[in-house]
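**Q** If you read the sequences in order, they're chains A, B and C.
So that you can map any letter, position 96 of the first sequence is 96 in the numbering used here, and since no number is skipped, the others follow by simple counting.
Here the numbering used here runs 1000 ahead of the position in the second sequence, where the first position is 1.
Here the numbering used here runs 2000 ahead of the position in the third sequence, where the first position is 1.
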Amino acid sequence: MTSIPIEYYLILSAFMFSVGVTGVLIRRNAIVVFMSIELMLNSANLALVAFSSYLGNSTGQIFAFFVMTVAAAEAAVGLAIIIAIFRNKLTVNLDEINIFKW
Amino acid sequence: MIEQYIPIFMVMVFAIIFGLGVIFASKIFGPNRPNKFKLMPYESGKDPVGDARERMSIKYYLVAMLFIIFDIEVIFVYPWGVEFKKLFADFGILAFTPMLVFLIVLELGFLYIYVKGGLKWD
Amino acid sequence: MMLNSSELMQIIPFLVLGTGIVISLLIEMYSSKSDAILPWLTIALLIYVAVHSINEVGSNDLLFGGMLAVGGKSSIFNFLFAVGGALVSLGAIDYIKKYGANFGEFYVLVQSSILGMMFMSGARDILVVFLGLELMSICFYVLVGINRKKINANEASMKYFLLGAFATGFIVYGVALVFGTAQTMRIGEILVNFSSLSGNILFMTGFILLIVGFAFKIAAFPFHMWVPDVYTGSSTAVTGLMSTGGKAAAFSVLLVLLGAVFTQEIENTFMPLFAGLAVLSMLYGSIVAIAQNNLKRMLAYSSISHAGYMLIGLAAGNLESVTGIMFYLVIYVFMNIGAFGIIAIIEGPNDDRVDLNSYAGLHQKNPVLALFMALFMLALAGLPPLAGFFGKYYVFIAAIESDLTWLAIVGVFSSVISVYFYLRVIVYMYFKESEVDFNVNISPTGLMTVVICGLLLIVYGLFPGSLLGLIASVVN
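1. In the stretch 2122-2137 of chain C, which residues sit with their C-beta less than 7 angstroms from some C-beta in chain A, listed in chain order?
2. Are there 16 or more other CB atoms within 10 angstroms of the CB of residue 1083 of chain B, so buried, or fewer, so exposed?
3. Starting from residue 2063 of chain C and walking both ways along the beta strand (DSSP E), at which residues does that stretch end?
4. Pull out every residue of the stretch 1097-1108 of chain B whose Cβ sits closer than 7 angstroms to any Cβ of chain C, in chain order.
5. Between C:2070, C:2090 and C:2016, which has its C-alpha nearest residue 2106 of chain C's C-alpha?
6. Hey, could you find the ends of the beta strand (DSSP E) residue 2069 of chain C is sitting in?
7. Name the residues in the stretch 77-88 of chain A whose C-beta lies less than 7 angstroms from a C-beta of chain D; which are they?
8. State buried or exposed for residue 5 of chain A, treating a residue as buried only when at least 16 other CB atoms are found within 10 Å of its CB.
9. I need the straight-line Cα distance from residue 2128 of chain C to residue 71 of chain A, nearest angstrom please.
10. To which residues of the same chain is residue 2335 of chain C closer than 8 angstroms at the C-beta, ignoring the five residues directly before and after it?
11. May I ask you to list, following chain order, the residues of the stretch 46-70 of chain A that have a beta carbon less than 7 angstroms from some beta carbon of chain B?
12. With a threshold of 8 angstroms on Cβ separation, who are the neighbours of residue 2134 of chain C within its own chain once the five nearest residues in sequence on each side are excluded?
13. How many Å lie between residue 1116 of chain B and residue 2132 of chain C at the Cα?
14. With burial defined as no fewer than 16 other Cβ atoms inside 10 Å of the residue's Cβ, what is the status of residue 2017 of chain C: buried or exposed?
15. By Cβ distance below 8 angstroms, which residues in the same chain neighbour residue 2162 of chain C in space, the five residues on each side in sequence not counted?
16. Please report the residue range of the alpha helix (DSSP H) in which residue 45 of chain A lies.
17. For residue 1005 of chain B, go through chain C and note every residue whose CB falls closer than 9 angstroms to its CB, in chain order.
18. Which whole-angstrom value describes the C-beta separation of residue 2286 of chain C and residue 2418 of chain C, a residue pair presumed to lie in contact below a C-beta threshold of 8 angstroms?
19. For the stretch 2288-2350 of chain C, list the alpha helix (DSSP H) runs that are entirely contained and at least 4 residues long, ordered along the chain.
20. Express the C-alpha separation of residue 1057 of chain B and residue 86 of chain A in angstroms, rounding to a whole number.
21. Compute the distance between the beta-carbons of residue 2152 of chain C and residue 2351 of chain C, then report whether it is under 7 angstroms.
22. If you compare alpha carbons, which of C:2157, C:2267 and C:2023 is closest to residue 81 of chain A?
23. On the CB-based measure, 16 or more other CB atoms within 10 Å of its CB, does residue 2226 of chain C come out buried or exposed?
24. Which two residues bound the contiguous alpha helix (DSSP H) that contains residue 2035 of chain C?
25. What does the Cβ neighbour count give for residue 2343 of chain C, buried or exposed, with the cut at 16 atoms within 10 Å?
26. Measuring straight from C-alpha to C-alpha, what distance separates residue 2293 of chain C and residue 2261 of chain C?
27. Here's the rule: buried if 16 or more other CB atoms are within 10 angstroms of the residue's CB, otherwise exposed. What is residue 2031 of chain C?
28. Can you name, in chain order, every residue of its own chain whose Cβ lies under 6 angstroms from the Cβ of residue 2443 of chain C, other than the five neighbours on each side?
29. Output, in sequence order along the chain, the residues in the stretch 1071-1092 of chain B whose CB is closer than 8 angstroms to any CB in chain C.
30. If you pair each beta-carbon of the stretch 2040-2058 of chain C with each one of the stretch 2078-2088 of chain C, do three or more pairs fall below 8 angstroms?
31. Short of 7 angstroms Cβ to Cβ, which residues in the stretch 2024-2035 of chain C face chain B?
32. With distances taken Cα to Cα, identify the nearest neighbour of residue 2076 of chain C among C:2333, C:2463 and C:2098.
33. Nearest CA to the CA of residue 46 of chain A: which residue from C:2172, C:2068, C:2194 and C:2008?
34. Less than 7 angstroms between CB atoms is the rule here; does residue 1013 of chain B satisfy it with respect to chain C?
35. Classify residue 1 of chain A: buried if its beta carbon has 16 or more other beta carbons within 10 angstroms, exposed otherwise.
36. On the three-state DSSP scale, how would you describe residue 1047 of chain B?
Given below as structure tokens:
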């Protein structure tokens, strides 16, 4: 069986990255924005793993491991911040979180 | 190479047609006599209580967060375990030390959560 | 892979700080007096790291198979981070009680963020850069929102987190593209092949994404939107650390990533990019700062414009500019931590008394504080006898040497604008009657931070040669 060419993975990851960036820029719910950021990280992971397998160089996979753990740590901190703000303000809508000007 | 995927596409198309077909067939041919009990949400024979969109305790999210962190750390143990035979042959008992240090630091984090009461449910 | 004893000696700062974090966490868990022990333990650890780093400045080695550099430039940066962290911890002892965040975790997080910065400055592999960056950033996200009852801090923390994580996304995607095209994550190997790789569009996209990610962290103009809100909303001690250590750490990575540019081995492809960022940051920061009445917000915009001055050095791209940027960063740490130290002393318990009116008549209330505030403002404005002047001077000289005289002129012009808002604080302190009646409760440790920063600024202003000579010897 022939393998899928690397371009397909790169196009998919570029597409995921664009969807993530667009999501961050246009969505107004903090949780959804956060999910879009995770999508950006995962698109990078996909590109890393694809390159790693294509080049036969395992560094990319190791980096993807670290990205995953860091993303988990960020997720924990981010959810904690979102919970803290929800307790004080009862909203996670970024338009209503506006003591300071954006 | 795209030809190799044609069977998968065919299976997908069949699945979609079959799934939608069954739903529509029962809608068209099946008898439809609703009453109050039939329209009630099914909760294993009990009467439904409250709203389905109940808000969960914030503790649930806390435990979920802690779970994410400790769950994901396993991915560092896994490659170490896969390569362990080779590491053990090269370094002997020293092959344990990096993972030991890593796990001790990780468990310290767990201990911190425990002592600070992060795992207390009430 | 085993380390020999001399190599072990060189990573002692990392080991000491790492062990210190674990011990601090244990103290925080099991001691009821942790809030009395931890600040001093933190300061002791950081002073040890600073002294050890400055002793190792002559050496220049790569450890862990070329992943981590010790000695040389990274020693100076480690010294800078450790001293900055120690000064911030000293100033925070009384401040965080007033702010309502007197948790031992504060100091654990400060230590961890300093460790992250040290990894960033020493990193010679993108993997280590990323880990250090995230260690620092995640600690900052938590530190900004450490008082979870304050809605301002919540909001600042949320904005910092979302935009910081967004920047991380760019950095990681950039890393993926750079790795795919360069086939390695060693910065040294990437730079050796830079000229052949620079024709590859994927590689250049990745590299520019990396630079954009770090531009977020140094608070340069188009990527500055988090700066004013986060600096205003977070506790003043944390702002002091973020604006100095975080910026210096991001610059240390940029200096390594562009290392081959400075030694003229490769063409300075990114000159227009950095020149543009520099001009926009300087002018935007200086002009918008004029309109601010909140002193923390004003310093946030001034931080953007200072990032612009340092970016002039990156645009210039010669060895003098590396010396200039590093000297500037050292001085900037003392100027900013000092200024935020005074704001921390004046600030009331509910985030109040940070506006200019609270500083009216400070001269009568407390002449010492007014004098030091005037000193920091003049230094930030870059007036000659103080060290802030030499920071800007060396960067501008480097720009002129690279035939970027116009950039230096824009820099001077922006400095002239910035004199207005720095002097306004002095005018308020000395020539206005006090409108808000309050007593200044001086904390001895807070004052100590301020005095140390102020004296260092005067010393380095009068005798910049010693520090400059040290940095120049390391850079060459």
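Even for Gly, the Cβ is constructed at its ideal location relative to N, Cα and C.
**A** Let's see:
1. 2127, 2130, 2131 and 2134
2. exposed
3. 2060-2063
4. 1105 and 1108
5. C:2090
6. 2068-2071
7. No chain D appears in the structure shown, which is made up of the protein chains A, B and C.
8. exposed
9. 16 angstroms
10. 2376, 2379, 2380, 2387, 2388, 2453 and 2457
11. 65, 68 and 69
12. 2116 and 2168
13. 27 angstroms
14. buried
15. none
16. 30-55
17. By Cβ distance, chain C contributes nothing, its closest Cβ being about 25 angstroms from residue 1005 of chain B, past 9 angstroms.
18. 4 angstroms
19. 2295-2316 and 2319-2346
20. 13 angstroms
21. yes
22. C:2157
23. buried
24. 2034-2055
25. buried
26. 41 angstroms
27. exposed
28. 2094
29. none
30. yes
31. 2025 and 2029
32. C:2333
33. C:2172
34. no
35. Caution applies to residue 1 of chain A, whose pLDDT of 48 falls short of 50 and renders its modelled position unreliable; the model cannot decide the point.
36. coil
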